[in-house]
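Residue numbers (my numbering): 45 to 454.
Here a beta-carbon is modelled for each residue, glycine too, at the ideal position from N, C-alpha and C.
Read the structure below first, then the notes.
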Ligand SMILES: Nc1ncnc2c1ncn2[C@@H]1O[C@H](COP(=O)(O)OP(=O)(O)O)[C@@H](O)[C@H]1O
Ligand SMILES: [Mg+2]
């Protein structure tokens, strides 16, 4: 995966003599000591990380831990005191002011907690606003705005004024406005934090759905573990201006780096954060890609099923998309009847599981199915299969992890 953002030894000190504070930091003094002695506030200390193309990277931490400072350093809304930020390989510190403004307009959309809609403009005009500023002609920008309003489910509200919309809907407009410019990087600072829990979950779902349709690179700030784990491909946990751990939700859950990180998980039900794709396995189930010769395919599939003692196989096309499932019985019948394509042999009622289905919902489905369930991505590509046994094993593992974590806390 290409790297979209590279951050190297990045520092931000708020105050009149940042270089003095930097020297103190290097000498091992703490944020509190520096504040007490100089009155300067250390916002971010020695941040190093990479954001890959197409991932949602979450900055999580308590209030005051430096999340907003760090995300604003990425588009230079905050000037760094030291260190570097590379966007698509370009050092943003080297950009002249004008080029920087241009970049922010066209390529780095930001969504804040407050919706910041312009009250005198319609929903459509608000959505098209970024494009208007970027000099896109009216017809083109309104067409594009309708397109994204459709994506966020607000097509029929295009002509309304913002005041007529609920908070949740206003934030959808904020999101649509950011999406409209088709930025290569989206920066979202507590974008859903002002919403009530229900609306918030709904917006997270919408973001994930949009992400399935088109993978964008997103840096998302949140103080909320639920949110971070639901939407983050990787998470950086911040404490007192410092990044204390970076990893996937699974990695962080399994190996919290210290007590601060562990404290976030107290009383958290891990099953909520794992998705079908996290437990899908490719080694348990036979997958067949049909050739031009259905008879040979059937015979080979039967042979391999018998050899491994399995009953079922999935059939995928050349692009890896799931076509159906066959069993020993249907294959035998196919051979008997001289079927010329596997397509005629598929079992009824194949239930493909979306990759982003939560483990909880998956458990509900799997109790009704003794056969492996195929897991597919948004393009219906086969990712692996889940069986009752695999799921059960995973849950036992997780409970053991949880016990270990709690034991470590005592
Ligand atoms: N403009 C500013 N001037 C001085 N101190 C600031 C400024 N903005 C943020 N800070 C301080 O920097 C630290 C990090 O703040 P911030 O990045 O807003 O954290 P978060 O977003 O995680 O709540 C805090 O101690 C905060 O008080
Ligand atoms: Mg903040």
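Quick one: give me the first and last residue of the alpha helix (DSSP H) that residue i is part of.
{"i": "residue 257", "result": "241-257"}
{"i": "residue 419", "result": "Taken as a continuous stretch (DSSP letters only), residue 419 belongs to no alpha helix (DSSP H), being part of the beta strand (DSSP E) at 417-420."}
{"i": "residue 295", "result": "293-298"}
{"i": "residue 346", "result": "338-352"}
{"i": "residue 146", "result": "141-151"}
{"i": "residue 172", "result": "167-177"}
{"i": "residue 358", "result": "From DSSP, residue 358 is part of no alpha helix (DSSP H) but of the beta strand (DSSP E) over 356-360."}
{"i": "residue 374", "result": "372-381"}
{"i": "residue 423", "result": "Unbroken run through residue 423: none, as it is neither H nor E."}
{"i": "residue 405", "result": "403-410"}
{"i": "residue 219", "result": "211-224"}
{"i": "residue 262", "result": "Where residue 262 is concerned, there is no enclosing alpha helix (DSSP H), although the beta strand (DSSP E) it sits in stretches over 261-266."}
{"i": "residue 38", "result": "Any property of residue 38 remains undetermined from this structure, which presents the chain solely from 45 to 454."}
{"i": "residue 67", "result": "62-70"}
{"i": "residue 305", "result": "303-309"}
{"i": "residue 320", "result": "320-323"}
How would you write the range of the beta strand (DSSP E) that residue i sits in, first residue to last?
{"i": "residue 112", "result": "Premise fails: residue 112 lies in the alpha helix (DSSP H), 111-118, not in any beta strand (DSSP E)."}
{"i": "residue 192", "result": "No beta strand (DSSP E) contains residue 192, which is instead part of the alpha helix (DSSP H) from 182-195."}
{"i": "residue 90", "result": "85-96"}
{"i": "residue 278", "result": "278-283"}
{"i": "residue 233", "result": "229-233"}
{"i": "residue 82", "result": "First-last for residue 82: 75-82, but that is the alpha helix (DSSP H), not the beta strand (DSSP E)."}
{"i": "residue 390", "result": "No beta strand (DSSP E) contains residue 390, which DSSP labels as neither H nor E."}
{"i": "residue 332", "result": "330-332"}
{"i": "residue 54", "result": "47-58"}
{"i": "residue 100", "result": "100-105"}
{"i": "residue 130", "result": "126-131"}
Below 8 Å on the Cβ atoms is my guess for residue i versus residue j; work out the distance and round it to an integer in Å.
{"i": "residue 165", "j": "residue 192", "result": "The Cβ separation is near 15 Å, so there is no contact."}
{"i": "residue 105", "j": "residue 87", "result": "No, residue 105 and residue 87 are not in contact; Cβ-Cβ is about 12 Å, not under 8 Å."}
{"i": "residue 309", "j": "residue 102", "result": "So it is not a contact: roughly 15 Å between Cβ atoms."}
{"i": "residue 357", "j": "residue 343", "result": "The Cβ separation is near 13 Å, so there is no contact."}
{"i": "residue 117", "j": "residue 56", "result": "6 Å"}
{"i": "residue 261", "j": "residue 99", "result": "6 Å"}
{"i": "residue 320", "j": "residue 398", "result": "7 Å"}
{"i": "residue 132", "j": "residue 48", "result": "6 Å"}
{"i": "residue 46", "j": "residue 152", "result": "With a Cβ gap of about 17 Å, residue 46 and residue 152 do not count as contacting."}
{"i": "residue 190", "j": "residue 208", "result": "18 Å between Cβ atoms; not a contact."}
{"i": "residue 389", "j": "residue 374", "result": "4 Å"}
{"i": "residue 206", "j": "residue 163", "result": "6 Å"}
Answer yes or no: the CB of residue i versus the heavy atoms of ligand 2, is any distance below 7 Å?
{"i": "residue 266", "result": "no"}
{"i": "residue 132", "result": "no"}
{"i": "residue 111", "result": "yes"}
{"i": "residue 271", "result": "no"}
{"i": "residue 441", "result": "no"}
{"i": "residue 283", "result": "no"}
{"i": "residue 234", "result": "yes"}
Residues in the same chain with beta-carbon distance under 8 Å from residue i, minus the five sequence neighbours each way, listed in chain order, please.
{"i": "residue 435", "result": "323, 403, 406, 407, 410"}
{"i": "residue 250", "result": "196, 197, 216, 219"}
{"i": "residue 379", "result": "339, 342, 343, 346"}
{"i": "residue 83", "result": "59"}
{"i": "residue 296", "result": "279, 281, 289, 305"}
{"i": "residue 396", "result": "366, 417, 418, 419, 420, 424"}
{"i": "residue 414", "result": "432"}
{"i": "residue 299", "result": "291"}
Please list, in chain order, all residues of the same chain as residue i whose beta carbon is under 7 Å from its beta carbon, the five residues on each side excluded.
{"i": "residue 301", "result": "288, 289"}
{"i": "residue 348", "result": "330"}
{"i": "residue 360", "result": "331, 333, 366, 367, 426"}
{"i": "residue 283", "result": "105, 109, 304"}
{"i": "residue 178", "result": "149, 150, 225"}
{"i": "residue 325", "result": "428, 429, 434"}
{"i": "residue 125", "result": "55, 56, 57, 62, 66"}
{"i": "residue 79", "result": "85"}
{"i": "residue 115", "result": "103, 231, 233, 263, 265"}
Considering only heavy atoms of ligand 1, does any lie closer than 7 Å to the CB of residue i?
{"i": "residue 58", "result": "yes"}
{"i": "residue 107", "result": "yes"}
{"i": "residue 85", "result": "yes"}
With 8 Å set as the bound, which would you pick, yes or no: does the beta-carbon of residue i sit closer than that to a beta-carbon of chain C?
{"i": "residue 346", "result": "Among the protein chains of the structure shown there is no chain C, as only one such chain exists."}
Residues in its own chain within less than 6 Å of residue i by CB, not counting five upstream and five downstream?
{"i": "residue 204", "result": "167"}
{"i": "residue 238", "result": "157"}
{"i": "residue 416", "result": "329, 429, 431"}
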